[in-house]
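Engineer: If you count by the working numbering, then the sequence shown holds residues 101 to 349, one letter each, in order. No residue lacks a Cβ here, since even glycine has one placed at the ideal position from N, Cα and C.
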Amino acid sequence: MGETQYLETNAGRRLAYNKFSGRRTGVVFLGGLRSDMSGSKAMHLEAWARRSGREFLRFDYSGHGESSGEFTDGCIGDWAEDAMAAIDALTEGPQVIVGSSMGGWISLLMAKHRPDCLAGLVTIAAAPDFTENGYWKVWDEAKRKTVMEEGQVALPSEYGDAMIITKRLIEDGRDHLVLTEPLRIDVPVRMLQGTADVDVTMDVALGLLDHLEGPDVRLELVKDADHRFSDDACLATITRAVEEVLAHA
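The structure is reproduced here in structure tokens:
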């Protein structure tokens, strides 16, 4: 594993990253909410990239991992801006983007606003528009009132400390929805989804499959896989999907 480096963005944020130089087309990993670039999926992909001599980039959004800022100060717009800044500064040419959970949403924002950056797309339990559809629309009035009046609400999480959802995260999310209008992606897309995922359920994946327009969009369901999607079989499925996209890119 290489030494962590840092990118100063035009927005004044300091992003931690690790890049492996190799042959192109390169692969970029976009992690999920409150995850970091040392997670199992990112590290598995880097090991695969090193074995295959493929250029690879992983990084931490602001407020995540080793990057600057506090998680509770961030929002979808900031993290999408971080992703675009990292890709613009640290890669050349179109990339295969691998987006996990929230990273799937951010990858779809890239497909919408910067399609020139994409050679292909692999999503893992993609969670587009989750601030609106996964939080706000299913919350009771008490939670809605708390977040709007107090500025944040704490949600229990099986992944560690409570998840703090802020008013800014909710309101900014509405400015970055991708399911409210047609979205066409003309590069190969492979969507991966576990049937036992209780955080992003199969109906989300099926809805996204129906929503996307493009010549080569496929969804693969993995029986009994959960949201982590990180056991050996799931990790092998991810690299197979990346290789398939690279072959068609």
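Between L107 and F129, is the Cβ-Cβ spacing less than 8 Å?
Structural biologist: no
Engineer: I need the DSSP call for V317, collapsed to helix, strand or coil.
Structural biologist: strand
Engineer: State the Cα-Cα distance for the pair H213 and D326, rounded to the nearest angstrom.
Structural biologist: 30 Å
Engineer: My understanding is that F171 touches W205, with C-beta atoms under 8 Å, so please give their C-beta distance in whole angstroms.
Structural biologist: So it is not a contact: roughly 16 Å between Cβ atoms.
Engineer: Residue range of the alpha helix (DSSP H) that A341 falls in?
Structural biologist: 332 to 348
Engineer: Please go through the same chain and pick out, in chain order, the residues whose beta-carbon is closer than 8 Å to the beta-carbon of I270, but skip the five residues on each side of it.
Structural biologist: Once the five neighbours on either side are set aside, the close Cβ partners of I270 are T231, E232, Y235, W236, V247.
Engineer: From L292 to W179, what distance separates their C-alpha atoms?
Structural biologist: 22 Å
Engineer: Against chain B, does R328 count as a neighbour if the rule is that its beta carbon must be under 8 Å from one of theirs?
Structural biologist: Annotation note: the requested chain B is absent from the structure, which comprises a single protein chain.
Engineer: When you compare the CB positions of G372 and V298, do they come within less than 8 Å of one another, or not?
Structural biologist: The displayed coordinates of the chain run from 101 to 349. Any statement about residue 372 would go beyond what the structure contains.
Engineer: Compare the beta carbon distance of E166 and D160 with 8 Å and say whether it is the shorter of the two.
Structural biologist: For the pair E166 and D160, the CB atoms are nearer than the 8 Å cut-off.
Engineer: Quick one: Cα of A183 to Cα of S138, how far?
Structural biologist: 16 Å
Engineer: What are the boundary residues of the alpha helix (DSSP H) that includes L209?
Structural biologist: 202 to 213
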